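Residue numbers (the numbering used here): 573 to 879.
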């Protein structure tokens, strides 16, 4: 069963990557990103649910926790990469990417390779040395992960959360976080090293390896948040919504009214806002009068009070 499960996983990953490259070629031919974006959504969903299905149907994952953590981390990051490539980057940029670079981008998680201008400053010998160091670092992580799993009873990981005390649950969540972090990092580190050596591309990891000092894991997720979530929300707010409700002038004036009401009801307005009464038309200055403290319910705190 272990051999068949591993074969199904490998075939599923290969089919998913092949579908991604084929859909990208078709989208390039018709100069439309719709098919590639649709395929990315389907591939991201399938690559996660294939792992979940096999985990539920196969006892192999229960007996080999190392593979379970490794494949779960890779599935999550790979699905994330599909969505990022399809939606976070401009189509004009993605359309010009060669298929080799797309394959490197999807497999060598989690960051794009450096530009050719930066690569020209590095020799092939330096790149190979960096690749070897990345592979050695990944092997060290693999050994550490193997030691953690050997020292951790499997019952601790499989026990239901409802049967655990709060303290034990806290320590187990911390342990699972470390194991997942290690499983992701050793696999991506080895992937970085292999593709650096094969394609002479410098691919810098976004976050360092455990147990060395880790300082930029937050930057990895914040960058992806800005690319995927923040950019999408901005497009919805400033592109899609104005097109749906074309009278954008009414929306613009509504924002003005809300801004005036906002500043007028601030008891601490004079500390942050300066009103130039000489620029106000005659007879309209009353609109900018500040409310008294008794007229505003602020729980006796300034509007900009920061706890």
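Glycine included, every Cβ here is placed at the ideal spot set by N, Cα and C.
Note that the coordinates shown come from a computational prediction; the quantities given were computed from them, not determined experimentally.
Please go through the same chain and pick out, in chain order, the residues whose beta-carbon is closer than 7 Å to the beta-carbon of residue i, but skip the five residues on each side of it.
i: residue 611; result: 591, 592, 595
i: residue 724; result: 747
i: residue 770; result: none
Excluding the 5 residues preceding and the 5 following residue i in the sequence, name in chain order all residues of the same chain whose CB lies nearer than 6 Å to its CB.
i: residue 772; result: 696, 699
i: residue 876; result: The pLDDT assigned to residue 876 is 45, lower than 50, so where the model puts this residue is not dependable, and the model offers no usable value.
i: residue 674; result: none
Taking the alpha carbon of residue i as the reference point, which residue from the options has its own alpha carbon closest?
i: residue 676; options: 589, 744, 607, 617; result: 589
i: residue 701; options: 768, 601, 853, 620; result: 768
i: residue 662; options: 703, 708, 856, 603; result: 603
i: residue 650; options: 739, 622, 848; result: 622
i: residue 601; options: 657, 664, 582; result: 664
i: residue 659; options: 669, 673, 613, 674; result: 613
Between residue i and chain B, is any beta-carbon pair separated by less than 8 Å?
i: residue 596; result: Absent from the structure: chain B. Only one protein chain is present.
Could you name the residues of the same chain whose beta carbon sits closer than 8 Å to that of residue i, not counting the 5 residues immediately before and after it, in chain order?
i: residue 671; result: 593, 596, 597
i: residue 599; result: 605, 606, 607, 608, 667
i: residue 584; result: 618, 619, 622
Mind reading off the beta-carbon distance from residue i to residue j? Whole number of angstroms is fine, and I expect it under 8 Å.
i: residue 618; j: residue 654; result: Actually they are not in contact, since the Cβ atoms of residue 618 and residue 654 sit about 10 Å apart, beyond 8 Å.
i: residue 751; j: residue 720; result: 6 Å
i: residue 706; j: residue 755; result: At roughly 16 Å, the Cβ-Cβ gap does not stay under 8 Å, so residue 706 and residue 755 are not in contact.
i: residue 703; j: residue 765; result: 4 Å
i: residue 849; j: residue 857; result: 6 Å
Open item on the list: So, does the segment 701-721 touch the segment 749-764, judging by three or more C-beta pairs under 8 Å?
Closed with: yes
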